[in-house]
């Protein structure tokens, strides 16, 4: 009896010890793991990011105009199948089609699918296709393709570009814009919030005043005004960097405010006084002592502000003021969905929207999960 | 009373100071943009067929006062801006306050209505979800809030438009029917306007509602756990009376405080929604007049007015808070 309770308390103690000696990162991970929706979000996010990075391999065609299929404009998605009236096949296949346009079809392309056995196009895996560069090397193998013609599992747009290929590369671009934007916002917030929080007093008041002012200006209208003046001669890449930079310059105030608040409470702690008495300069104290004290909060804030960057970019590109062809982003892909023609006839244009929603939701779930995990008071509430 | 007027005075001067800062930021950004008003106007004339020279640009610059030093022009701009006078538009050569006038007030009205709609839904729903232990209700509300963020409002607008085109043959765009577009305000026009305005109000309110529900819920569940609520219920106050008189009152002040930023968020979404619903009378003026024609005078005026209305809301909410909550009055002045 006593033996049993002894071992139990020993185990308890071990658990407690593990709890008290665990680093902050381990504690956060422990709590994060328990949150189902956050975990699902994290996996979705990883899959999406990886598919964005490996887009050239995962997609059969180039996302730019070079990869267009001029015989299949505004084409419906071709879904590979295994079986039809002519029997089954171990390899998935799609059908050959013939497109006609005449006065009879109201000058609209009408696709006539041939379902004969000889008209099957078999899907091939690890097939050779267009060359692409990845990590400095040139490859030509793609995950899948077809033996004759081309395959478009999400359909094509009005110029014949493969929507599946575009969607995956768009994820990449949107993530890149978000990353650059968040990074710039983060550096600015660190500098401004750090100075305001560390020195306090009148410096803090002035910086707070500026931060609040920037916060009151509605960012999208302001950004629209700026983006409208981008010279037409700028290349797509320059536009891309400019837009990410502006997103960053607009996004810093919220983060700066949080950093300042943390610093204001932390700077009166004893360990800061100790460091100062040892003669450490302010830069050293901020960098080595104060910032590490709330790294986890900063990471959480960054994750939370990420979807807003992606959303802003999408809204801008959607209006036509953000990124433009040949750069692919989710917003660029949504530019043409507004016309009634698309709404009524080409609904597959909306497939990227699903990816967009999933991406934003995944970020929100992960951000919420991280915030709950990093918040020391979250246990007491539940 | 003296304390209160002092509070109002401090707040008002802070608001004006903010506006001056805003005007400086906006004005500088508009200056940084390559090309100035004179060049733009003459480039426009050039495209219309008249031949212009460098000397023409210089005379135009002098005429517009663009040869004056930067700070002086900013000073002139801000003084005029406070009187609601923004000069002439770069390209259209029309007085900006005339050009914006009614359109701006219509847009502001739509945005404020969606803000009201958002909180009219969010406050009761948020309070209910914070107090109830119903897991299904809470989870579905959480999902709705997430969708409010992730489902972009332009998509929502598109869906509704598609639905109404297919079902009723009417695409629900614009703010007025054709016959009322340039008519003077009359009873019929107001009715026509309301018949069109509900859609943008609903769409703009959609994500605002989702945000507001989350805020209200978080604030309420924070307050409900506090000791004064327990004390009140120990005294025998219960049910709705307990909620309304104790935690809800406390939870409300941060919400009132953040109204200005909610308006900011709605302004951010206005251009996109306006573009889809082709609200030429309202927000898409921003896109039409500013983005496509590169009109920096007009752009500056619009952004200044939008920010000005946010600052005004912030000021009003500060005053309301100070009226209802003595702690606020003391904290700022004392």
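Residue numbers (the numbering used here), protein chains in the order written: chain A, 161 to 542; chain B, 476 to 809. All C-beta atoms in this analysis are idealised placements derived from N, C-alpha and C, irrespective of residue type, glycine included.
Identity of the residues DSSP links to residue 272 of chain A by a beta bridge: A:258
Name, please, each residue of chain A whose Cβ falls closer than 9 Å to the Cβ of residue 627 of chain B. 471, 474, 475, 478, 494, 513, 516, 517, 520
Quick one: what's got a C-beta closer than 7 Å to residue 708 of chain B's C-beta in the same chain, skipping five residues either side? 717
If we ignore side chains and look at the alpha-carbon of each, how far apart do residue 457 of chain A and residue 464 of chain A end up? 10 Å
Could you give the DSSP three-state label for residue 399 of chain A: helix, strand or coil? Residue state, collapsed to three classes: helix.
Paired residues, beta bridge with residue 292 of chain A - DSSP: For residue 292 of chain A, which the question treats as bridged, DSSP gives the partners A:299.
Provide the residue span of the beta strand (DSSP E) that contains residue 241 of chain A, from first to last. Bounds of the beta strand (DSSP E) holding residue 241 of chain A are 241-244.
Roughly how many whole angstroms lie between the Cα atoms of residue 460 of chain A and residue 486 of chain B? 33 Å
Would you identify the three-state DSSP class for residue 224 of chain A, choosing helix, strand or coil? Residue state for residue 224 of chain A is assigned as coil, using DSSP reduced to three classes.
Hey, how far is the Cα of residue 173 of chain A from the Cα of residue 530 of chain A? 27 Å
Just curious, the alpha helix (DSSP H) that residue 369 of chain A is in, first and last residue? In the DSSP assignment, residue 369 of chain A falls within the alpha helix (DSSP H) that extends over 361-376.
Coarse secondary structure for residue 305 of chain A, derived from DSSP in three states: strand
Have a look at residue 533 of chain B and residue 751 of chain B and give me their C-alpha separation to the nearest angstrom. Spanning the two alpha carbons is a distance of roughly 40 Å.
Does residue 783 of chain B pass the burial test, meaning 16 or more other C-beta atoms within 10 Å, or should it be called exposed? Per the 10 Å Cβ criterion, buried.
Contacts that residue 271 of chain A makes with chain B (C-beta to C-beta distance below 8 Å): Going along chain B, no residue has its Cβ under 8 Å from residue 271 of chain A, so there is no contact; the nearest lies around 22 Å.
Contact between the segment 615-628 of chain B and the segment 682-702 of chain B: three or more CB pairs below 8 Å? yes
Shortest alpha-carbon distance to residue 506 of chain B belongs to which of A:439, A:416, A:385? A:385
Using a Cβ-Cβ cut-off of 9 Å, state whether residue 243 of chain A counts as contacting chain B. no
By the 10 Å Cβ neighbour count, where 16 or more other Cβ atoms means buried, how is residue 246 of chain A classified, buried or exposed? exposed
Within a Cβ cutoff of 6 Å, which residues of the same chain sit near residue 698 of chain B, ignoring the five residues on either side of it in sequence? 722, 725, 726
List the residues of chain A that residue 774 of chain B touches, going by C-beta distances under 7 Å, in chain order. 385
To the nearest angstrom, how far is it from the Cα of residue 503 of chain B to the Cα of residue 534 of chain A? Rounded to whole angstroms, residue 503 of chain B to residue 534 of chain A spans 40 Å at the Cα level.
Taking residue 778 of chain B as the reference, give the member of B:584, B:739, B:597, B:688 with the closest Cα. B:739
Quick check on residue 778 of chain B - is its C-beta less than 9 Å from some C-beta in chain A? Residue contact check for residue 778 of chain B against chain A: a CB pair falls below 9 Å.
Going along chain A in order, which residues have a C-beta closer than 8 Å to the C-beta of residue 497 of chain B? 373, 376, 377
According to DSSP, is residue 662 of chain B helix, strand or coil? helix
Mind pulling the chain A residues with CB within less than 7 Å of residue 746 of chain B? 380, 381, 384, 479
Could you tell me the boundaries of the alpha helix (DSSP H) in which residue 454 of chain A lies? Where residue 454 of chain A is concerned, there is no enclosing alpha helix (DSSP H), given that its DSSP letter is neither H nor E.
DSSP has residue 287 of chain A in a bridge; who is on the other side? A:302
Terminal residues of the continuous alpha helix (DSSP H) containing residue 626 of chain B? Note, residue 626 of chain B: premise wrong, no alpha helix (DSSP H); not H, not E.
Which residues in chain B have a C-beta closer than 7 Å to the C-beta of residue 497 of chain A? List them in chain order. Here the neighbours are 633.
Strictly by DSSP, which residues pair up with residue 248 of chain A? A:243
Can you pull the chain A residues whose beta carbon is under 7 Å from the beta carbon of residue 621 of chain B, in chain order? 521, 524
Could you check whether the Cβ of residue 369 of chain A sits closer than 9 Å to any Cβ belonging to chain B? yes
Among A:206, A:521, A:515, A:441, the one whose alpha carbon lies nearest that of residue 314 of chain A: Ranking the options by Cα distance to residue 314 of chain A, first place goes to A:515.
Count the other CB atoms, across all protein chains shown, that sit within 10 Å of the CB of residue 535 of chain B; report buried if there are 16 or more and exposed otherwise. By the neighbour-count rule (16 or more Cβ atoms within 10 Å), residue 535 of chain B is buried.
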